[in-house]
Structures are given as C-alpha cells and as structure tokens.
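S.K.: So for the sequence shown, our numbering puts the first residue at 452; every next one is plus one.
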Amino acid sequence: MKFIPPLEIASKIMTLIEESEKELILVSPYVELSNWNKMKKCIDRAILRGVKITFIARKNAKQNLSFLKRPEINLILVNDLHAKLYLNDNYAIVTSQNIVYYSDVNSIDIAYKTEKTEQRLELIEFINKYVVKIEEAQKKTIKILDSFKKTIKIIDETIEYDTKFLTADELDKLSFSFNSTYSDTKFVTTKSYVFSKHLIPFSDIMIDSVYTVKAKKSNNENIEDFIKEILGLNLNLKNNFNLQFTKSHSRFYYIYFAPEITYDIDGLINDFKLITNAILESEYKIKQEIPTGKGCITIYK
452 MKFIPPLEIA SKIMTLIEES EKELILVSPY VELSNWNKMK KCIDRAILRG VKITFIARKN
512 AKQNLSFLKR PEINLILVND LHAKLYLNDN YAIVTSQNIV YYSDVNSIDI AYKTEKTEQR
572 LELIEFINKY VVKIEEAQKK TIKILDSFKK TIKIIDETIE YDTKFLTADE LDKLSFSFNS
632 TYSDTKFVTT KSYVFSKHLI PFSDIMIDSV YTVKAKKSNN ENIEDFIKEI LGLNLNLKNN
692 FNLQFTKSHS RFYYIYFAPE ITYDIDGLIN DFKLITNAIL ESEYKIKQEI PTGKGCITIY
752 K
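1) Does the distance from the CB of V583 to the CB of V529 come in under 8 Å?
2) Kindly indicate which three-state DSSP category F708 falls into: helix, strand or coil?
3) Hey, L467 and I575: beta-carbon distance below 8 Å or not?
4) When the Cβ atoms of the segment 654-666 are set against those of the segment 713-726, are three or more pairs found closer than 8 Å?
5) With distance defined between alpha-carbon atoms, name the residue in K491, G718, Q548 nearest to S558.
6) Reducing DSSP to helix, strand and coil, say where G744 ends up.
7) DSSP on N549, reduced to helix/strand/coil?
8) Using 8 Å as the threshold, is the C-beta distance between L484 and I550 below it?
9) Does DSSP classify A619 as helix, strand or coil?
10) Would you tell me roughly how many angstroms separate the C-alpha atoms of M452 and T568, rounded to the nearest one?
11) Alpha carbon to alpha carbon, how far is F703 from L650? Give it in angstroms, no decimals.
12) May I have a chain-ordered list of the beta strand (DSSP E) segments no shorter than 3 residues that lie completely inside the segment 456-489?
13) When DSSP labels each residue in this structure, what does A666 get in the three-state scheme?
14) Please classify F453: does DSSP put it in a helix, a strand, or coil?
15) Would the beta-carbon of F696 fall within 8 Å of that of I706?
16) Mark F638 as exposed unless 16 or more other C-beta atoms lie within 10 angstroms of its C-beta, in which case mark it buried.
17) If I follow the unbroken alpha helix (DSSP H) through N728, where does it start and stop?
Laid out in structure tokens, this is it:
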C-alpha cells in the first residue's frame, strides 16, 4: 500500500473516479456535494462513460443526497456505517475522509492506496461481509425504483395537454403549502393560480394544475441545459409529467410541467415541491444566480 498526504486525499479520490472504466464503488457515510462542483463533475463524467456506480452512505443521517438519487447510481443506505472506502476497476483508497467538501478544506485525514489486485479484492470482500452484500442490495434498489419511479417526458410545443382549473379549496391548499414551505418568499394568490417572481433567480413560476416556468430569453440563452438537467433527475414523483418547452413568444421561454392523468391535490402539491427543490438545487440555477446582498436562497425539504 502507498500512503497519501492529507492535502492530496480528495484529489486522489477524484482521480480514482476519473480512472474508473466499468465499476465504481464509493463508501462514504456522510456526503455533502452542494458546493463541491469538481467532485460532482467527476461523478457525472463517470456516468457518461457508462460506469456502473454503487454509492453506499449512512442511513438516517441528516444530509442532502439528491445529487445521488438518480437512475444511473445505485444508492445504498446502511445503518451505523462509519467506514470510508473508494474502489474502481484497478485499485482502492482507504481513508478517514468522507465525500464532504468541509472535510476536504478543514480536516486532517489519513489515507492509503492499494497497489495489488489482492488488496482491492479483500476490500470488496470486506464490504460484502461487514457493510452490505452489494449484489443483493442492487436487486432490492432496482425493485424499489421500478415501483416508485415516475417520469418527466418532453413533448412538442404544438401538442395540447389536458389541464383543469383548481377549485377554490385546492387553490387555498396550494397557496398555504407553498407559503409555509418557502416562507422567505412571497407567493401571490390570484383567482386561478399562485405565482412568485422571487423564488427562482432566472424565472417567474406560476402554479395551477400545471407548473409553469417563465424565463426571459435575454437572460437564459442556455435554458435547454436546464431542461436536460431536470429530465436527467429521478425525483420520485407520484405522477408522470409531460414537459413542454415553448419558444414562440418574442420575449419569454415557457416551460410547462403538466401531469399526464387526473391527480389528487395533495400528491400534485408534493410533486410541485419536488420540482421546485430540483430547480433550486440545479447547476443551471447556481450559474444564473446573481448575488443581491440579501443572503442566499434556502433549499427547503
């Protein structure tokens, strides 16, 4: 084995991810990637290469795992997990460091890299024996995703989708829910919809039975990057949605998230919140956000 200097541990983990060809196993009890774009890009590139990724994290830990909750990553949650191991096809890194940006900047950790195939195989055996049997967990995860996964499907802007007006009670419930959850932002309620001009920095949002994003063309030349990002997420929605992207207006882009079938209002509101949180956490939003001096927008769960 070969020891890794503390200041090089994170970069060596990213190199391990970049050098993965077929398989990648990341065991990190705690995860914080919201401000670690370099690490996220390494994982994204592995996905684009078709690498089979297994990410094992600690169960019931208060942490944001939204970046990892996607079809291309087999996310496994394990009680009492404390070990940190990172393996690709050829070698492994054993360390005290989690995939947490704060740890990279502030902690003094220890790590070593395996140099022999037998050492890597011993670590896989350790994971299967003491952490989780990966193949069995993968099968369970696939079953769970198949039973709960709903999709957002893009449709042509010329297609008319089904919509309906919300009742007064449904509109009140929608307004109360969004104003309670996103309490730092004022949602205005009209006779037929709820809207906000300030929750999302690059657009207005309008919500009735359809979730509408209204974005100025002059400020959103790369809006299609946002659409691709949203389509690539697994949001665990209760409803299937059609996404319609309209470019015909002279000044604005319109993006409509329309449920495919009749819905119950509670499930629809929950889906609208999941879509909202996905937008607030999106790479596109982070790039478009202009500092105002009023602090940061909070991500709500």
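Where is the CB? At the ideal position from N, CA and C, for every residue including glycine.
Nothing here was measured: the structure is a model prediction, and the numbers come from that model.
M.R.: Taking the geometry as given:
1) Counting from 1 along the sequence shown, the entry for residue 583 is found at position 132. Counting from 1 along the sequence shown, the entry for residue 529 is found at position 78. Cβ distance < 8 Å, so V583 and V529 count as in contact.
2) Within the sequence shown, the letter at position 257 stands for residue 708. Three-state DSSP puts F708 in a strand.
3) Mapped onto the sequence shown, residue 467 falls at position 16. Mapped onto the sequence shown, residue 575 falls at position 124. Against a cut-off of 8 Å, the Cβ pair of I575 and L467 comes out as no contact.
4) Yes, since at least three Cβ pairs between the segment 654-666 and the segment 713-726 fall closer than 8 Å, the two stretches touch.
5) Within the sequence shown, residue 558 is the residue found at index 107, counting from 1. Answer by Cα proximity: Q548.
6) Mapped onto the sequence shown, residue 744 falls at position 293. The predicted position of G744 is uncertain, since its pLDDT is 44 and thus under 50; no value can be drawn from it.
7) If you number the sequence shown from 1, residue 549 lands on position 98. Reduced to three states, the DSSP call for N549 is coil.
8) Within the sequence shown, residue 484 is the residue found at index 33, counting from 1. Within the sequence shown, residue 550 is the residue found at index 99, counting from 1. Taking 8 Å as the Cβ cut-off, L484 and I550 qualify as a contacting pair.
9) Taking the sequence shown and counting its residues from 1, the one referred to as residue 619 is at position 168. It is helical.
10) For the purposes of this step, residue 452 is taken as residue 1 along the sequence shown, with counting starting at 1. For the purposes of this step, residue 568 is taken as residue 117 along the sequence shown, with counting starting at 1. T568 has its alpha-carbon roughly 11 Å from the corresponding atom of M452.
11) Mapped onto the sequence shown, residue 650 falls at position 199. Mapped onto the sequence shown, residue 703 falls at position 252. One C-alpha to the other measures close to 18 Å.
12) Those beta strand (DSSP E) runs which fall completely within the segment 456-489 and span 3+ residues are 474-478.
13) Position 215 of the sequence shown, counting from 1, holds the residue named residue 666. Here A666 sits in strand by DSSP.
14) Here residue 453 corresponds to residue number 2 of the sequence shown, with the count starting at 1. Reading off the sequence, residue 453 comes out as Lys, not Phe. Note: K453 maps to strand in three-state DSSP.
15) Residue numbering aside, residue 696 sits at position 245 when the sequence shown is read from its first letter. Residue numbering aside, residue 706 sits at position 255 when the sequence shown is read from its first letter. For the pair F696 and I706, the CB atoms are nearer than the 8 Å cut-off.
16) Counted from its first residue, the sequence shown places residue 638 at position 187. F638 counts as buried, since no fewer than 16 other beta carbons sit within 10 angstroms of its beta carbon.
17) For this step, residue 728 is matched to residue 277 along the sequence shown. It spans 716-731 - the alpha helix (DSSP H) in which N728 sits, taken as one unbroken run.
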